[in-house]
Each structure stands twice: as structure tokens, then as C-alpha cells.
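Asks: Each residue of the sequence shown is one higher than the last, beginning at 3 in this note's numbering.
Okay, here's the structure, questions in a sec.
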Amino acid sequence: MLNPSSKLKGEKDWQKYEVARRLKKLVHRIRRQYRADWKSKELKKRQISVALYFIDKLALRAGNEKEEGETADTVGCCSLRVEHIALHSRQGGKENVVEFDFLGKDCIRYYNKVSVEKQVFKNLQLFMEEKEPGDSLFDKLSTTTLNKHLQDLMDGLTAKVFRTYNASITLQEQ
């Protein structure tokens with residue numbers, strides 16, 4: 003771990019914010035693209051686009067693949083299983099509600115109920131068809147696949163950059 007005051011740490015932080023600044027110029031195009039991909043004929047494209055929506059709108063971490071029994075059962079977006087979400091057509095006066103419940107980084111519980119766009123909800127229903135609770139929600143997707151897709155959209159783009167970008171926008175609006 004780098005000392006927070008080290009020159010190298012400062013340089014890495016500066017680079018991180020520079021990439022987030024570049025994302026600001028492209029984010030509307032990227033969002034239009036993933037929305038269009040929600041209706042793709044390719045299931046893999048649909049899964050990438052829904053995962054990207056969650057990463058963008060909910061600040062979910064991408065999540066890394068782990069070896070069986072390697073560490074605690076923590077997950078991120080790409081490693082979500084069917085058991086980690088529940089779908090509610092209508093709940094609490096809202097439509098298309100997704101209820102998330104899983105352990106994230108450092109075994110911190112992520113519990114959230116969020117209303118999503120109708121096509122995202124429909125895709126989640128499709129992704130869950132004929133699957134058991136322990137099955138992968140995004141079975142056509144891995145963090146490697148997602149990061150390659152992000153890299154194709156913009157040089158240096160990762161799921162973490164979306165978190166940095168959205169946090170910066172939120173702070174700016176405060």
C-alpha cells in the first residue's frame with residue numbers, strides 16, 4: 003500500500019481523475035449504446051449492457067472471478083447469482099423493482115431496492131429463466147469480457163472509472 007502522501011500515489015490519483023474527465027465527454031454516447039444493446043439479438047450483449055447499467059447507475063463494483071473456496075463469498079456485478087436478486091413487478095408504489103442482497107467487497111452487505119427501466123427488468127427476467135438460485139445471473143459475462151468491452155468504448159475505461167466519474171459528479175452537485 004502506498005503512503006497517501008507519496009508522489010506515486012498522487013500521480014495515480016491524478017491519472018484516475020483524468021480518465022474520469024475523459025469519460026464525461028463520452029458518457030452520453032456510452033449510455034445511449036448500452037440502452038440500445040438491451041434489445042440486442044445477442045444475449046451476451048444484453049448481459050454486458052445490463053451489467054454496465056448497474057455499474058453506472060448503482061456504482062456496483064465489477065467483481066472478480068475467484069477460485070472455488072478461495073475467499074469469502076463476496077460478489078460484484080459480474081459475479082451476481084440468481085439468489086442475489088429478487089424481481090418485483092410492483093412494490094411500494096414503484097414498478098420494475100430489483101431487490102439486491104449480497105456481500106460485496108470486504109464482506110460488506112449490499113442491500114438495495116431500486117426501480118429500473120422496463121427493458122432492464124425484462125432482461126433480468128430472461129437471464130433468470132430456467133436457472134437455479136446458485137447459478138450466475140450474467141452467465142455469458144466475466145469481468146475480463148466487461149473490461150474489454152469498456153476498453154473498446156474508451157481507452158483506459160474500467161468499471162472503477164464509472165465509480166470515480168459518478169462520485170465526482172455527485173460531489174460537484176452538492
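Glycine included, every Cβ here is placed at the ideal spot set by N, Cα and C.
Assuming Ala-53 and Leu-152 form a contact by the criterion Cβ under 8 Å, report the distance between their Cβ atoms to the nearest whole angstrom.
Replies: No, Ala-53 and Leu-152 are not in contact; Cβ-Cβ is about 10 Å, not under 8 Å.
Asks: Alpha carbon to alpha carbon, how far is Cys-79 from Leu-62? Give it in angstroms, no decimals.
Replies: For Leu-62 and Cys-79, the distance between alpha carbons rounds to 6 Å.
Asks: Apart from the five residues just before and just after Leu-25, which ones in its own chain have a Cβ nearer than 6 Å to its Cβ?
Replies: Excluding sequence neighbours, Leu-25 sits near Val-163 and Tyr-167.
Asks: Quick one: is Thr-172 buried, meaning 16 or more other Cβ sit within 10 Å of its Cβ, or exposed?
Replies: That one is exposed.
Asks: Pick out whichever of Lys-46, Pro-135, Val-118 and Val-29 has its Cα sitting closest to the Cα of Phe-56.
Replies: Out of Lys-46, Pro-135, Val-118 and Val-29, Val-118 has the C-alpha closest to the C-alpha of Phe-56.
Asks: According to the Cβ coordinates, are Leu-155 and Ile-32 closer than 8 Å?
Replies: A contact, by the Cβ cut-off of 8 Å.
Asks: What does a CB cutoff of less than 8 Å around Glu-134 pick up in its chain, not counting 5 residues either side in sequence?
Replies: Once the five neighbours on either side are set aside, the close Cβ partners of Glu-134 are Val-84.
Asks: Going by the beta-carbon positions, is the gap between Val-1 and Leu-89 smaller than 8 Å?
Replies: Outside the shown range of the chain, which is 3 to 176, sits residue 1, and nothing can be said about it.
Asks: Can you name, in chain order, every residue of its own chain whose Cβ lies under 6 Å from the Cβ of Leu-82, other than the five neighbours on each side?
Replies: Result list for Leu-82: Leu-139, in chain order.
Asks: Given this structure, state the Cα-to-Cα distance separating Lys-96 from Ala-74, to the nearest angstrom.
Replies: Approximately 34 Å between the Cα atoms of the pair.
Asks: What residues in its chain sit with their C-beta under 6 Å from that of Asp-161, if we drop five residues either side in the sequence?
Replies: Sequence inspection shows Ala at residue 161; the Asp mentioned does not correspond to that position. Here the set comprises Ile-57 and Ala-64.
Asks: What would DSSP say about Gln-176, mapped onto helix, strand or coil?
Replies: In the structure shown, Gln-176 sits in coil (DSSP, three-state: anything other than H, G, I, E or B).
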